[in-house]
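Visitor: Take a look at this one; I'll ask things after.
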Amino acid sequence: MSLSHRTRIRIVGRAASEGVGPPRPLMGCRVRAGFPSPADDHLDAEIDLHAHVVKRPAATYFVRAEGDSMLGDGIHHGDLLVVDRSLEPLPGRVIVIALEGEPTVKRLEQRGAAVWLVASNPRFAPIPLAGRECEVWGVVTHVVHDLLGRAP
Amino acid sequence: MIALVDGNNFYVSCERAFDPRLAGRPVGVLSNNDGCVVARSQELKALGVAMGAPLHLLPPDVRRQAVLLSSNYALYGDMSRRVNQVLAEFSPDVEPYSIDESFVGFDGFPEEGLEARCRALRETVGRWTGIPVGVGLAPTRVLAKLANRLAKREPAFEGVCRLDADDEATRRALTACPVEDLWGVARRSAERLALMGITTAWELREADPRWVRSRFSVVMERLVWELRGRSAIVLEDMSEPRRRLLVSRSFGRLTGERQELEAAVRQHAARAGEKLRRQGSLARAVQVFVRTHPFLAGEPQYRNAALVALPGPSADSRELLAAASRALEAIFLEGYRYQKCGVMLLDLTDAEGTQPSLLETPDDDARRARSQQLMATLDRLNREMGRDTVRFGLPRQGNAWALRCERRTPRYTTRWGELMRVKTG
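Going down the list, the sequences are from chains A and B. FYI, the numbering for the first sequence is 0 to 151, going by numbering that gives the first Met the number 0. FYI, the numbering for the second sequence is 0 to 424, going by numbering that gives the first Met the number 0.
This is the structure in structure tokens:
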């Protein structure tokens with residue numbers, strides 16, 4: 000089995016919701032021509048995607064995925080991953096883990112007594128954790144994939 | 000009770016948090032012109048590399064084994080901010096003391112659960128940020144500082160050490176602590192204390208406070224009270240001036256005005272610059288922090304800090320002010336009423352014997368000479384004609400902040416464009 004095509008990550012930016020601009024109303028009507036829009040009465044305060052995705056700013060990091068071993072989980076090459084280091088690496092979760100010093104992205108799976116790192120692309124074989132030097136880095140909570148084909 | 004929380008080999012730990020391959024290896028972080036070593040991992044210390052060792056004097060075998068990195072202040076500043084955010088989950092009273100140290104006050108918390116709380120705090124900081132920290136818990140800052148050192152030195156404490164005021168363990172710790180190792184005791188004072196028969200922290204604790212005050216200073220008297228378990232010092236008393244300088248003040252009333260904060264930060268930076276020049280030091284980076292009043296119910300809470308590296312080691316108030324203003328700009332938010340702000344000068348070095356960078360030109364020399372002359376004149380005017388006789392207006396804009404660092408790691412958490420390169424295979 001080749002390890003060279005594991006889905007890899009690189010870290011690209013911090014995720015702290017402090018310092019973001021004022022909350023932006025979604026489709027707030029600001030035009031004051033004629034009668035005020037009745038819809039303004041129903042204007043909600045804010046839709047803040049960052050706050051929705053980043054639950055714990057101090058523990059949240061953005062990293063970049065490289066490779067295609069996690070396609071089944073919707074993680075493409077170049078996608079942005081939101082990683083929360085405060086979450087427990089429970090079986091079934093997609094995690095960032097340093098495997099022999101190399102940060103990689105895989106799903107954690109428990110099979111009997113053994114723990115495996117499992118790719119979601121059938122071309123990649125599962126990796127047993129037993130006997131390997133490894134350290135969990137964080138839990139992936141969201142994937143940002145740009146449909147226009149640019150790096151998000 | 001108060002805890003001193005500090006990051007172990009903080010700069011190195013920040014680097015390791017994003018590059019697991021650095022674990023267990025000798026790692027050093029260099030000053031911003033790559034002149035000398037300003038942070039060392041345990042493994043690098045074991046190789047005999049001293050703090051401040053010039054890079055070009057390191058033996059070839061050390062240079063071969065060690066990973067030597069340029070300082071990445073954007074990363075360290077952000078990780079420091081994150082650590083303080085985690086601390087704020089455990090108590091509203093968090094007071095950053097330097098980039099890698101903070102005091103956490105536990106007034107009003109039940110005493111008996113505090114050690115467990117500190118263990119949870121340590122574990123949480125480690126998991127959320129990857130930074131290992133040591134925690135010293137005690138009734139006063141001076142004892143907390145000592146407890147923190149024990150926590151790091153004795154593996155049995157597992158990173159958390161508690162010292163109570165009247166306790167056999169505290170007596171033993173103070174008896175084993177030479178007085179010059181105490182926070183806030185300069186070598187000269189330690190020599191004078193020794194002449195009077197006071198060589199250990201315990202002997203200082205047992206001295207008569209009034210006698211200490213008459214022979215030494217108010218600060219030394221406060222130290223005696225602190226050792227006895229009674230809070231007496233303010234942070235500014237303890238700003239180890241050879242390493243860092245802190246100038247901070249609470250506002251007379253809460254303020255949300257940007258101009259007021261800007262003016263305060265300018266003033267603090269100018270004051271820090273004066274102190275810096277008086278002791279013949281240069282700073283490598285400037286940190287600014289702001290916070291709201293942590294104990295006002297119903298008041299929206301905000302605290303933040305930002306760090307800006309200087310283009311080179313400097314004592315020029317214009318550069319310090321420009322950096323401080325830039326840092327404030329990065330963290331100021333409208334809509335909060337601020338209680339306190341402060342300016343810290345970091346990673347100080349002696350002006351004498353500072354090596355100019357290889358990239359410097361004769362122009363830089365001339366500029367440095369002009370700057371020194373200007374600052375000397377400024378300090379003299381303010382000394383002889385009263386403080387603030389000459390003040391700084393707004394700093395010039397568009398300063399070039401590009402640093403000369405060849406070995407800096409990516410600014411992993413603050414730049415979209417600085418990607419970590421992971422080799423395939």
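The beta carbon of each residue, even a glycine, is placed where N, CA and C say it ideally should be. Keep in mind the model is a prediction, meaning the values are calculated, not measured.
If we ignore side chains and look at the alpha-carbon of each, how far apart do A112 (chain A) and G47 (chain B) end up?
Guide: If I take the Cα positions, the gap works out to 45 Å.
Visitor: What are the residues of the segment 114-132 of chain B that lie near chain A, defined by any Cβ-Cβ distance shorter than 8 Å?
Guide: Here the close residues are T123, R126, W127, T128 and G129.
Visitor: By how many angstroms is the C-alpha of R241 (chain B) removed from the C-alpha of R257 (chain B)?
Guide: Distance between the alpha carbons of R257 (chain B) and R241 (chain B) is about 32 Å.
Visitor: A426 (chain B) lies in the beta strand (DSSP E); which residues open and close that run?
Guide: Here chain B has residues from 0 to 424 only, and residue 426 (chain B) is not among them.
Visitor: Which one or two residues does DSSP pair with W115 (chain A) in a beta bridge?
Guide: DSSP lists A:E108 and A:P127 as partners of W115 (chain A).
Visitor: Using C-beta distances below 7 Å, list every residue in its chain close to E220 (chain B), excluding the 5 sequence neighbours before and after it, in chain order.
Guide: The residues are P208, V211 and R212.
Visitor: Between the C-alpha atoms of G397 (chain B) and A73 (chain B), what's the straight-line distance to the nearest angstrom?
Guide: Residue placement at G397 (chain B) cannot be trusted, given a pLDDT of 32 that sits under 50; the coordinates are not used to answer.
Visitor: Quick check: A150 (chain B) and V134 (chain B), are their CB atoms within less than 7 Å of each other?
Guide: For A150 (chain B) and V134 (chain B), yes; Cβs fall inside 7 Å.
Visitor: Following the continuous beta strand (DSSP E) through M433 (chain B), name the residue where it begins and the one where it ends.
Guide: Absent from the structure is residue 433 (chain B), since the part of chain B shown begins at 0 and ends at 424.
Visitor: Can you pull the chain A residues whose beta carbon is under 7 Å from the beta carbon of A171 (chain B), in chain order?
Guide: Contrary to the premise, residue 171 (chain B) reads as Arg rather than Ala in this sequence. Simply none; closest approach about 37 Å.
Visitor: Between the C-alpha atoms of A329 (chain B) and E42 (chain B), what's the straight-line distance to the nearest angstrom?
Guide: Computed Cα separation, rounded: 36 Å.
Visitor: Can you tell me the Cα-Cα spacing of V11 (chain B) and R406 (chain B), whole angstroms?
Guide: Cα to Cα, the separation comes out at about 14 Å.
Visitor: Please work out which residues of its chain come closer than 6 Å, Cβ to Cβ, to L98 (chain A), disregarding the five sequence neighbours upstream and downstream, and give them in chain order.
Guide: Contacts found: C133.
Visitor: Looking at T254 (chain B) and Y337 (chain B), is the spacing between their C-beta atoms short of 7 Å?
Guide: For Y337 (chain B) and T254 (chain B), yes; Cβs fall inside 7 Å.
Visitor: If we define contact as Cβ-Cβ less than 7 Å, is R81 (chain B) a contact residue for chain A?
Guide: At least one chain A Cβ lies under 7 Å of R81 (chain B).
Visitor: For P19 (chain B), return the contacting residues in chain A, with the cut-off set at a CB-CB distance below 8 Å.
Guide: Ordered by position in chain A, the residues that pass the 8 Å Cβ test against P19 (chain B) are A97, G100, E101, P102, E134 and W136.
Visitor: Given A146 (chain B), which residues of its chain have a CB within under 7 Å of its CB, disregarding the five upstream and five downstream residues?
Guide: Excluding sequence neighbours, A146 (chain B) sits near G135, L136, A137, C160, R161 and L162.
Visitor: When the Cα of V4 (chain B) is compared with those of B:S247, B:G272, B:R121 and B:L345, which residue comes out closest?
Guide: Here the closest residue by C-alpha is B:R121.
Visitor: Using the three-state DSSP reduction, which class does Y411 (chain B) fall into: helix, strand or coil?
Guide: Of the three classes helix, strand and coil, the one that applies to Y411 (chain B) here is coil, per DSSP.
Visitor: Using the three-state DSSP reduction, which class does V211 (chain B) fall into: helix, strand or coil?
Guide: Helix, per DSSP.
Visitor: How many angstroms separate the CA atom of D378 (chain B) from the CA atom of S249 (chain B)?
Guide: So the alpha carbons of these two residues sit roughly 25 Å apart.
Visitor: CB-CB under 8 Å to H267 (chain B), same chain, minus the five flanking residues each way: which ones, in chain order?
Guide: Closer than 8 Å at the Cβ level, and outside the excluded window around H267 (chain B), lie V246, S247, R248, A323, C340, G341 and V342.
Visitor: Does any CB atom of chain A fall closer than 7 Å to the CB of Q84 (chain B)?
Guide: So, interface residue.
Visitor: Our contact map puts L260 (chain B) next to V285 (chain B) with C-beta atoms below 8 Å; I'd like the distance itself, whole angstroms only.
Guide: At roughly 15 Å, the Cβ-Cβ gap does not stay under 8 Å, so L260 (chain B) and V285 (chain B) are not in contact.
Visitor: Tell me whether S90 (chain B) is buried or exposed, calling it buried when 16 or more other Cβ atoms sit within 10 Å of its Cβ.
Guide: Burial call: buried.
Visitor: Under a Cβ-count criterion, where at least 16 other Cβ atoms within 10 Å of its own Cβ denotes burial, should G416 (chain B) be classed as buried or exposed?
Guide: It is exposed - the Cβ of G416 (chain B) has fewer than 16 other Cβ atoms within 10 Å.
Visitor: For S316 (chain B) and P293 (chain B), I'd like the C-alpha separation in whole angstroms.
Guide: If you take the alpha carbons of S316 (chain B) and P293 (chain B), they lie about 31 Å apart.
Visitor: Throw me the rounded Cβ distance for the M195 (chain B) and F105 (chain B) pair, which I believe falls under 8 Å.
Guide: M195 (chain B) to F105 (chain B), Cβ: 36 Å. No contact.
Visitor: Please list the partners that P88 (chain A) has in chain B, where partner means a Cβ-to-Cβ separation under 7 Å.
Guide: Ordered by position in chain B, no residue passes the 7 Å Cβ test against P88 (chain A), which lies about 11 Å from the chain.
Visitor: Please report the residue range of the beta strand (DSSP E) in which F156 (chain B) lies.
Guide: Where F156 (chain B) is concerned, there is no enclosing beta strand (DSSP E), given that its DSSP letter is neither H nor E.
Visitor: Quick one: grab the DSSP three-state call for F288 (chain B).
Guide: Strand, per DSSP.
Visitor: Can you check which of these residues, B:L68, B:R186 and B:L56, is closest to S40 (chain B) by C-alpha distance?
Guide: Cα-wise, what sits closest to S40 (chain B) is B:L68.
Visitor: Any beta carbon from chain B within less than 7 Å of R92 (chain A)'s own beta carbon?
Guide: By this cut-off, R92 (chain A) is not an interface position.
Visitor: With DSSP run on the structure shown, which of helix, strand or coil describes R63 (chain A)?
Guide: Three-state result, R63 (chain A): strand.
Visitor: Report, in whole angstroms, the separation of the C-beta atoms of L203 (chain B) and L226 (chain B), which I expect to be a contact under 8 Å.
Guide: The Cβ separation is near 6 Å, so the contact holds.
Visitor: I'd like to know if A58 (chain A) contacts chain B, where contact means its C-beta is closer than 7 Å to some C-beta of that chain.
Guide: It does: the Cβ of A58 (chain A) has a partner Cβ on chain B nearer than 7 Å.
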